[in-house]
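> The structure that follows is given in the form of structure tokens.
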Amino acid sequence: MYLPSFSTALADSAFPFNWIHDTMRLFVMYLATFFAASSPTIEAQGGSSSSGEYLIGLGIGDVTGPVVETNMMGYAFLPQTDTGLHMRQRSRAFIVADGSNPSERVLFINSDICMGDTGIRRTILSSLQSLYGDLYTPANTALVGTHAHSGVGGYLENLLPQVTSLGYVNETAAAIVSGTLKAIADAHNSLVPGNIKLGNTTLLNANRNRSPSAYLANPEWERAMYEENQDTTVTVLGFENGNGDAMGLLSFFPVHGTSLYENNTLVSGDNKGMAAWMYESYIEPSSMPGNNSFVAGFVQSNVGDTTPNTLGAYCESPGKPWDGQPCEFEHSTCGNRTEDCHGRGPGFRTSDFESNRLIGQAQFEATRTVMEDSNMTAVSGSVKSVHVYLDMTTYTFTLPNGTLARTCPAALGYSFAGGTTDGPGAFDFIQGDNTSSQNPFWEVVKRFITPAPSEEQIACHYPKPILLNSGYNHKPYDWSPGIVDVQMLRVGQFVILVMPGELTTMAGRRMRDALRARLIAEGVLDDRAYVVIAGPANTYGHYVTTREEYSVQRYEGASTIFGPATLEAYINKYSELVPYLATNATGIPSSNAAPPEQTSKAISLQTSVLVDNPPIFKHFGDVLADVESGIYHAGDTVAVRFVGANPRVCLSTPSPSLYFVLS
434 MYLPSFSTAL
444 ADSAFPFNWI
454 HDTMRLFVMY
464 LATFFAASSP
474 TIEAQGGSSS
484 SGEYLIGLGI
494 GDVTGPVVET
504 NMMGYAFLPQ
514 TDTGLHMRQR
524 SRAFIVADGS
534 NPSERVLFIN
544 SDICMGDTGI
554 RRTILSSLQS
564 LYGDLYTPAN
574 TALVGTHAHS
584 GVGGYLENLL
594 PQVTSLGYVN
604 ETAAAIVSGT
614 LKAIADAHNS
624 LVPGNIKLGN
634 TTLLNANRNR
644 SPSAYLANPE
654 WERAMYEENQ
664 DTTVTVLGFE
674 NGNGDAMGLL
684 SFFPVHGTSL
694 YENNTLVSGD
704 NKGMAAWMYE
714 SYIEPSSMPG
724 NNSFVAGFVQ
734 SNVGDTTPNT
744 LGAYCESPGK
754 PWDGQPCEFE
764 HSTCGNRTED
774 CHGRGPGFRT
784 SDFESNRLIG
794 QAQFEATRTV
804 MEDSNMTAVS
814 GSVKSVHVYL
824 DMTTYTFTLP
834 NGTLARTCPA
844 ALGYSFAGGT
854 TDGPGAFDFI
864 QGDNTSSQNP
874 FWEVVKRFIT
884 PAPSEEQIAC
894 HYPKPILLNS
904 GYNHKPYDWS
914 PGIVDVQMLR
924 VGQFVILVMP
934 GELTTMAGRR
944 MRDALRARLI
954 AEGVLDDRAY
964 VVIAGPANTY
974 GHYVTTREEY
984 SVQRYEGAST
994 IFGPATLEAY
1004 INKYSELVPY
1014 LATNATGIPS
1024 SNAAPPEQTS
1034 KAISLQTSVL
1044 VDNPPIFKHF
1054 GDVLADVESG
1064 IYHAGDTVAV
1074 RFVGANPRVC
1084 LSTPSPSLYF
1094 VLS
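Quick note on my numbering: the sequence shown kicks off at 434 and runs consecutively.
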């Protein structure tokens, strides 16, 4: 059901933490439970597959976990426990292999989950090793989340995002793994010769910058290069078989999966899941969702400071003089507090589900426009991939101007607790606070949650005032990641930067431009090079802002957990790996150690279903109140009551026989 009222508890968009509100309540429960390479060799540059074709396989799998009694992932809001289903979550797998050398392949997984995760990816790769040997590896396999904030939670490996889900939820993780493996198997078993096309278009009024005051901190000359303060380009890869029949697509566009508010309790793929369902239903209207052969992946990009709430942020403060007015610009407050400042989607006057439909439809229609354009560019060239693990707690590197820079162990700032206009904070936390706490109470409270930061840590993160020094909290296991996945996939002239976090608009632009220039300068690609960002993927390393945006310390800057040099660090490391994407590159790049496995020692405080029986003299499936006779029209509500079991009892992928059809 739709809950029209706004929640005012601390939350945000992935990952807001309702920390002081929820963590203090759960921290004691956790404690109680705890205490009971080489350089590349390049033989030649450029080139293309000799056959002029690729091997292409696509698949889809259901990854919906328990749709009741489980906290949802994204807003980190303890009361947001799911009560039912809006639409099922799915993983979509895309395999592209070099037609002349099929062992050179990439596997791109686009999943209706909030973000990729180290533990989930590790389990998937282990299963793929057992099934296919060395065909699918950490280097060529990417797990990307659509960043939906209304999916089932509890699947991430680090402790921090587990708090509101009462720890690790194995049922959620198992559903993601099994459904993703099914999608991969379908893609692997359906490989056929085919071709790939590339195109793009501009999409307006489907996203908005939710932190414009931070964006304005970027240099004026740089901002003048762009018409908008958010990216508006939709990039589409179209896949077709050797006969020219469409097989599927990947559509890249940055917009947060926060069309559905934090008071929604129905599991959903949010606006990107909606766009995928619309496109797949458009191509195969007679197929049940999930049983389609055409696969449409709507991919998240540099999403950090974007929002689908395109009408802007307004004060919801009944009885106050500022009610209905735009939120204060610098801090997104209403009467000096964040709780009442909420973004409004295009369907605001109807419901957030209508907003979700409209933002999904906008992406669907823009993508369809590109796919039906006969002037799409052919993709041609080699298939390559590269991957390393990078320790972001101590990464030291040299900036282009010769200055030495370094990243820091993870820490979150005070504005992290201020939330965003998609999910505002609480108490006296605000966005855009780059000073020491104005309330000494929080200085005391925070020391009971994470260790006090050292002078070195404070200096490293400056000007971020540290609220949660999570990189130094390892009990009962790591609260935040320290080692992240750095990965790039190449198909012809098309390169995907698979990013372990949420890049803001300008951070993404700098990242793309730097890597495209490096690809051309190294002779890996010519000026046809086309670079996109996909994420948050593989590891969730929170946010990535520009150094200028970081100085403002709105939510995104406060959530840039590895410090002000994070973006430059990623540009440096990804640039170092560019030669490994050359057509005849060999060798394996040097890498830090893989992050530690933590799933086996994960805490889970969620109770299981103890008893689930039908009422006396009734059976599961019995109809209690049938549909009323009469004439119904599109959009009418049809109601029926029947005896149903707890969905947590059986999480196996539903078969078609479990659906019912009204005719």
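Yeah, the Cβ is synthetic: ideal placement off N, Cα and C, and Gly gets one too.
Hey, V728 and N704: beta-carbon distance below 8 Å or not?
No, Cβ-Cβ distance for V728 and N704 is not below 8 Å.
> Skipping 5 residues on each side, what residues in its chain have a beta carbon closer than 6 Å to that of P1047?
Result list for P1047: F1053, V1076, in chain order.
> With a threshold of 8 Å, are at least 3 pairs of Cβ atoms found where one atom belongs to the segment 964 to 976 and the other to the segment 894 to 912?
No: the two stretches stay apart, fewer than three of their Cβ pairs being nearer than 8 Å.
> Tell whether a beta-carbon distance below 8 Å holds between L1010 and V919.
Yes. Within cutoff.
> Is it true that the CB of Y973 sits closer than 8 Å to the CB of L589?
Yes, these two residues count as a Cβ contact at 8 Å.
> Tell me, which residues are paired with I557 by DSSP?
DSSP output for I557 lists no bridge partner at all.
> Would you list the one or two residues that DSSP bridges to P759?
Bridge partners of P759: Y747.
> Once you ignore the five residues that flank L637 on each side, which residues in its own chain have a CB closer than 7 Å to its CB?
So the list reads T665, once near-sequence residues are dropped.
> List the whole-angstrom C-beta distance separating S765 from Q986, where the pair is believed to meet the contact cut-off of C-beta under 8 Å.
With 8 Å as the limit, S765 and Q986 do not qualify as a contact, their Cβ atoms being about 13 Å apart.
> Examine the ligand SAM and report whether any of its heavy atoms sits within less than 7 Å of the Cβ of D806.
The ligand SAM is not among the ligands present in this structure, which contains no ligands whatsoever.
> With P626 as the anchor, note down where its alpha helix (DSSP H) starts and where it stops.
That residue, P626, is in no alpha helix (DSSP H); its beta strand (DSSP E) goes 625 to 635.
> Please identify the residue among Y565, S714, M707, I891 whose C-alpha is closest to the C-alpha of F995.
Here the closest residue by C-alpha is I891.
> Using only alpha-carbon positions, find the residue among M711, E660, K630 that is nearest to N674.
Cα-wise, what sits closest to N674 is K630.
> Name, in chain order, the residues that DSSP records as bridge partners for R839.
DSSP lists T829 as partners of R839.
> Any idea what DSSP makes of E537, helix, strand or coil?
Three-state DSSP puts E537 in a strand.
> Straight-line CA distance for A1078 to N697?
So the two alpha carbons sit approximately 22 Å from each other.
> Quickly, what does DSSP pair R770 with across the bridge? List them, please.
Looking at the DSSP assignment, R770 forms a beta bridge with C767.
> Taking its Cβ as the centre, do 16 or more other Cβ atoms sit within 10 Å of H820, making it buried, or is it exposed?
H820 is buried by the Cβ-count criterion.
> Start and end of the beta strand (DSSP E) containing H820?
Segment 816 to 824, the beta strand (DSSP E) holding H820.
> Note down the Cα distance separating T810 from M680, rounded to an integer number of angstroms.
Whole-angstrom Cα-Cα distance: 17 Å.
> Could you check what DSSP says for A618 in three-state terms: helix, strand or coil?
The answer is helix: DSSP assigns A618 an H, G or I state.
> If we count Cβ pairs, one from each stretch, closer than 8 Å, do we get three or more for the segment 745 to 754 versus the segment 652 to 667?
These segments do not touch.
> From which residue to which residue does the alpha helix (DSSP H) around N704 run?
Where N704 is concerned, the enclosing alpha helix (DSSP H) stretches over 703 to 716.
> Kindly indicate the opening and closing residues of the beta strand (DSSP E) around Y487.
From DSSP, the beta strand (DSSP E) with Y487 extends over 487 to 495.
> Near I475, which residues of its chain fall below 7 Å by C-beta distance, leaving aside the five closest residues on each side in sequence?
Per-residue confidence for I475 stands at a pLDDT of 35, beneath the threshold of 50, marking its modelled position as unreliable; the derived number appears in the next sentence. Excluding residues within five positions, the ones whose Cβ falls inside 7 Å are P1012, A1015, N1017, A1018.
> Does the beta-carbon of I1049 have 16 or more other beta-carbons within 10 angstroms, so that it is buried, or is it exposed?
That one is exposed.
> Report all residues from its chain with a CB closer than 6 Å to the CB of S818; omit the five preceding and five following residues, and keep chain order.
Hits under 6 Å: V539, A572, N573, L922.
> If we count the other Cβ atoms within 10 Å of its Cβ and call it buried at 16 or more, is G385 buried or exposed?
There is simply no residue 385 to check, as the chain begins at 434 and stops at 1096 in what is shown.
> Helix, strand or coil for P1080? Go by DSSP, reduced to three states.
The answer is coil: DSSP assigns P1080 none of H, G, I, E or B.
> Do D545 and G706 have their C-beta atoms closer together than 8 Å?
It is a contact, given that the beta carbons lie within the stated cut-off.
> My output table needs one value for R525: the three-state DSSP class, helix, strand or coil.
In this structure, R525 counts as strand in the three-state DSSP scheme.
> Check whether the segment 737 to 749 touches the segment 822 to 832, taking contact to mean three or more Cβ pairs, one atom from each stretch, closer than 8 Å.
Short answer: they don't touch.
> Mind checking which residues open and close the beta strand (DSSP E) that includes E888?
Per DSSP, E888 belongs to no beta strand (DSSP E); it is in the alpha helix (DSSP H), 888 to 894.
> Could you tell me the distance, in whole angstroms, from the CA atom of E537 to the CA atom of L488?
When rounded, the distance between both Cα atoms is 10 Å.
> Relative to the C-alpha of P652, which candidate in R980, L1038, I1004, T691 has its C-alpha closest?
With distances taken between Cα atoms, P652 lies closest to R980.
> Quick one: Cα of S701 to Cα of T800, how far?
Answer to the nearest angstrom: the Cα atoms are 21 Å apart.
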